[in-house]
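*Asks:* One structure, pasted below without further comment.
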Amino acid sequence: MNDSKGDIDNAVTVRNVYKNYGDVEALKDLSLDFPRGQLTSLLGPSGCGKTTLLKIIAGLLPATSGDIQVNNQPVTGPGPDRAFVFQDFALLPWANVMRNVAFGLELRGIDRSEREAIAETYIANVGLKGFENSFPHELSGGMRQRVGLARALSVDAEVLLMDEPFSAVDEQTRRKFQEDLLNLVKNENKTFIFVTHSIEEAVYVSDQVALLLARPSRVSEVIRPEGFRHKDANSIRRDPEYLDIVDRIWASLRTYVE
Amino acid sequence: MRYRSLLLKFLSAFIVFGAWEIAGRIPVSFAFPTFIESMAAFWALLANGTMFVAYAETLKPLVVGVLISAFLGIGIGLGIGLSRKFDWLVSPIFIVMQTAPLAALIPLLVMVYGIGLTSKVFVVCIMAMPVIVLNTSGAVRNTPASMIEMGQAFLGTKLDVILKIILPAASPIIFAGLRLGVSAGFIGAILSELKITPTGVGDIITYSRSIADYPSMYAAIMSIIVLAVIFLNVLERLEDYLFKGSRQTYVSE
Numbered sequence: 004m005n006d007s008k009g010d011i012d013n014a015v016t017v018r019n020v021y022k023n024y025g026d027v028e029a030l031k032d033l034s035l036d037f038p039r040g041q042l043t044s045l046l047g048p049s050g051c052g053k054t055t056l057l058k059i060i061a062g063l064l065p066a067t068s069g070d071i072q073v074n075n076q077p078v079t080g081p082g083p084d085r086a087f088v089f090q091d092f093a094l095l096p097w098a099n100v101m102r103n104v105a106f107g108l109e110l111r112g113i114d115r116s117e118r119e120a121i122a123e124t125y126i127a128n129v130g131l132k133g134f135e136n137s138f139p140h141e142l143s144g145g146m147r148q149r150v151g152l153a154r155a156l157s158v159d160a161e162v163l164l165m166d167e168p169f170s171a172v173d174e175q176t177r178r179k180f181q182e183d184l185l186n187l188v189k190n191e192n193k194t195f196i197f198v199t200h201s202i203e204e205a206v207y208v209s210d211q212v213a214l215l216l217a218r219p220s221r222v223s224e225v226i227r228p229e230g231f232r233h234k235d236a237n238s239i240r241r242d243p244e245y246l247d248i249v250d251r252i253w254a255s256l257r258t259y260v261e
Numbered sequence: 083m084r085y086r087s088l089l090l091k092f093l094s095a096f097i098v099f100g101a102w103e104i105a106g107r108i109p110v111s112f113a114f115p116t117f118i119e120s121m122a123a124f125w126a127l128l129a130n131g132t133m134f135v136a137y138a139e140t141l142k143p144l145v146v147g148v149l150i151s152a153f154l155g156i157g158i159g160l161g162i163g164l165s166r167k168f169d170w171l172v173s174p175i176f177i178v179m180q181t182a183p184l185a186a187l188i189p190l191l192v193m194v195y196g197i198g199l200t201s202k203v204f205v206v207c208i209m210a211m212p213v214i215v216l217n218t219s220g221a222v223r224n225t226p227a228s229m230i231e232m233g234q235a236f237l238g239t240k241l242d243v244i245l246k247i248i249l250p251a252a253s254p255i256i257f258a259g260l261r262l263g264v265s266a267g268f269i270g271a272i273l274s275e276l277k278i279t280p281t282g283v284g285d286i287i288t289y290s291r292s293i294a295d296y297p298s299m300y301a302a303i304m305s306i307i308v309l310a311v312i313f314l315n316v317l318e319r320l321e322d323y324l325f326k327g328s329r330q331t332y333v334s335e
């Protein structure tokens, strides 16, 4: 960890977490902090356990040992303080956009008129106004992920867990998503944990990039790309510091890639 | 497009019935009546009410058996799909049931349950239930994992996940199993009437064969096929109506 931690307020802390699948050590003694209101990426080659870590934080998988806390409360299962965005969107194919977005609220037992009012706001926020009655198969990949994002936002969790959310959408849509994500981090007072295998994407959107190495997975480095964070979305990709960091991460990762 | 498919259906029926008529006229066998003779016998059976009386009898074990198979079958299939232990405990029974030669088991059933309705319902269930159970459990087990995780991540209870995610996701395949089960149930109902006691449509078949009234025998057989086809079509309509959205493919690229 190359940054002074001091008394930064952490929304999520992970301490000495181990995760074994039978004999396979997926995570080994992994510790990491996630500062409140910031976006932290988990970056690494495939099979390095980044999705496993995310699901452990979500409470979807139990850790073999170790301590995970969200707002200083130990994680024992999924909770209202966390919402999840899935790589394959995980939409209900038989439900329209409105029901899909409101589904998180439906499961919390909020009555129909109220949850649909909330969902409507977020559908508009992600730019899907007018598609409330469309079904997932009628939407493009990018639009489907917007539905997934609106569903996660509508439950108003403090921590948003995103599992390679843009990997199943095309490159142009992906860039637009990344810009939108920057605005989201700026405007919503939420903590984002973002899994990706794209170095450029991680550096572009993150306040903090945690570099994970594979099998057993551990944090090799935490990088905080801060110099260009205040710049506008268009000029980041030309910023020398951005390019430097991308190069540096690639230099550390390339030895682990066959 | 619609007209053309309708036209093709008529054409296919025309070819089959035409071939039947020709085969009957040659004749292939003196026990093989022509299509027209069979239809005449069919109208006669309808007109004197024999057919209605027969179906009132045949439909009893069929409806009771199919209803039991549907409810119990979907319930058990759900259990098998959700729990490994339940799977090990129960699955073998249905695999045996599906592969067992039913005709050989019928004497055993008669010995235990007599020649009444119970035995016939059993035969229908043995025919209909395995395919319903096995389809349901397979469909439940194949629910996309991320959809279940989604339900858990958004704080759904176990019951929520089953009712709002697993069952709707599995419903197209459950319905396919139901359709197969119902057609197997038809076979079971007729088989029980031929093998246990000749009642209903089975009686028409047995009796008209014994007095060499072959047109009536074929009319009875035809009527079962027609009824089964109509019933399956109704089931398909019902499925369309219930799950309009879910007939689409799952969401992913």
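Line by line, the protein sequences give chains X and C.
Position 162, counted from 1, in the first sequence is what the numbering used here calls 165; the numbers after and before it change by one each time, with no gaps.
Position 179, counted from 1, in the second sequence is what the numbering used here calls 261; the numbers after and before it change by one each time, with no gaps.
No residue lacks a Cβ here, since even glycine has one placed at the ideal position from N, Cα and C.
1) In chain X, which residues lie less than 9 Å from PHE236 (chain C) when you measure between Cβ atoms?
2) Starting from GLU231 (chain C), find everything on chain X with Cβ-Cβ shorter than 8 Å and list it in chain order.
3) Count the other C-beta atoms from every protein chain shown that fall within 10 angstroms of the C-beta of LYS277 (chain C), then say buried if there are 16 or more, exposed otherwise.
4) List the residues of chain X that ASP169 (chain C) touches, going by C-beta distances under 7 Å, in chain order.
5) Checking contacts by CB at 8 Å: is TRP97 (chain X) closer than that to chain C?
6) How do the stretch 236-245 of chain C and the stretch 171-184 of chain C stand: do at least 3 beta-carbon pairs fall below 8 Å, yes or no?
7) Can you tell which of X:SER209, X:SER170, X:VAL172 has its C-alpha closest to the C-alpha of LYS189 (chain X)?
8) From ARG149 (chain X) to PHE169 (chain X), what does the alpha carbon distance come to, in whole angstroms?
9) Does the stretch 172-179 of chain C come into contact with the stretch 107-121 of chain C, if we say contact requires no fewer than three beta-carbon pairs (one atom in each stretch) closer than 8 Å?
10) Quick one, are the C-beta atoms of GLY69 (chain X) and THR194 (chain X) less than 8 Å apart?
11) Using a Cβ-Cβ distance cut-off of 8 Å, determine whether ASP242 (chain C) contacts chain X.
12) Looking only at its chain, what residues have a beta carbon closer than 6 Å to the beta carbon of ARG177 (chain X), apart from the 5 residues adjacent to it on each side?
13) So, is ALA98 (chain X) buried or exposed, given that buried needs 16 or more other C-beta atoms within 10 angstroms?
14) Identify, in the order they occur along the chain, each residue of the same chain with its Cβ nearer than 7 Å to the Cβ of VAL198 (chain X), setting aside the five sequence neighbours on each side.
15) So that I know if they touch, is there some Cβ in chain X lying closer than 8 Å to that of PRO280 (chain C)?
16) Let me know if ALA101 (chain C) comes out buried or exposed under the rule of 16 or more other beta-carbons within 10 Å of its beta-carbon.
17) At a Cβ cut of 7 Å, what residues of the stretch 249-282 of chain C count as close to chain X, listed as they run along the chain?
18) According to the Cβ coordinates, are ALA153 (chain X) and ILE126 (chain X) closer than 8 Å?
19) Beta-carbon within less than 6 Å of GLY144 (chain X)'s beta-carbon, same chain only, minus the 5 sequence neighbours each way: which residues are those?
20) Using DSSP with H/G/I as helix, E/B as strand and the rest coil, what is PRO77 (chain X)?
21) Looking only at its own chain, which residues have a Cβ that is under 6 Å from the Cβ of ARG261 (chain C), when we skip the five neighbours before and after it?
22) Between SER228 (chain C) and chain X, is there a C-beta pair that is closer than 8 Å?
23) Can a CB atom of chain X be found closer than 8 Å to the CB of GLN330 (chain C)?
24) CB-CB under 7 Å to LEU64 (chain X), same chain, minus the five flanking residues each way: which ones, in chain order?
25) Reducing DSSP to helix, strand and coil, say where VAL98 (chain C) ends up.
26) Whole angstroms are fine: how far does the CA of PHE117 (chain C) sit from the CA of SER144 (chain C)?
*Replies:* In terms of the structure at hand:
1) One finds PRO81, ALA86, PHE87, PHE106, GLY107, LEU108, GLU109, LEU110, ARG111, ARG154, ALA155, VAL158 in chain X with Cβ atoms closer than 9 Å to the Cβ of PHE236 (chain C), taken in chain order.
2) Neighbours of GLU231 (chain C) on chain X, chain order: LYS58, LEU63, PHE87, PHE89, ALA93.
3) Under this definition LYS277 (chain C) is a buried residue.
4) By Cβ distance, chain X contributes nothing, its closest Cβ being about 21 Å from ASP169 (chain C), past 7 Å.
5) So yes, TRP97 (chain X) belongs to the interface.
6) When Cβ pairs closer than 8 Å are counted between the two stretches, the stretch 236-245 of chain C is seen not to touch the stretch 171-184 of chain C, the count staying below three.
7) Taking the Cα of LYS189 (chain X) as reference, the smallest distance to any Cα among X:SER209, X:SER170, X:VAL172 is reached at X:SER209.
8) ARG149 (chain X) and PHE169 (chain X) have their C-alpha atoms roughly 10 Å apart.
9) No: fewer than three Cβ pairs fall under 8 Å.
10) The Cβ atoms of GLY69 (chain X) and THR194 (chain X) do not sit closer than 8 Å to each other.
11) It does; some Cβ of chain X falls within 8 Å.
12) PHE169, listed in sequence order.
13) Counting the other Cβ atoms within 10 Å of the Cβ of ALA98 (chain X) gives 16 or more, which makes it buried.
14) Closer than 7 Å at the Cβ level, and outside the excluded window around VAL198 (chain X), lie LEU45, LYS53, THR54, LEU57, MET165, ASP166, GLU167.
15) False, the Cβ-Cβ gap to chain X never drops below 8 Å.
16) Of the other Cβ atoms in all chains shown, fewer than 16 fall within 10 Å of the Cβ of ALA101 (chain C); this residue is therefore exposed.
17) Per Cβ criterion, the list reads PRO250.
18) Yes, they are a contact pair.
19) Within the same chain, and ignoring the five residues on either side of GLY144 (chain X) in sequence, the residues whose Cβ sits closer than 6 Å to its Cβ are ALA171, VAL172.
20) In the structure shown, PRO77 (chain X) sits in a strand (DSSP, three-state: E or B).
21) Excluding residues within five positions, the ones whose Cβ falls inside 6 Å are LEU314, LEU317.
22) Put simply, the CB of SER228 (chain C) is near chain X, with a gap under 8 Å to one of its CB atoms.
23) For GLN330 (chain C), the predicted structure reports a pLDDT of 48, less than 50, and the residue's modelled location is therefore unreliable. The matter cannot be settled from this model.
24) Within the same chain, and ignoring the five residues on either side of LEU64 (chain X) in sequence, the residues whose Cβ sits closer than 7 Å to its Cβ are THR55, LYS58.
25) In the structure shown, VAL98 (chain C) adopts helical secondary structure according to DSSP, grouped into three states.
26) The identity of residue 144 (chain C) in the sequence shown is Leu, whereas the question assumes Ser. So the two alpha carbons sit approximately 27 Å from each other.
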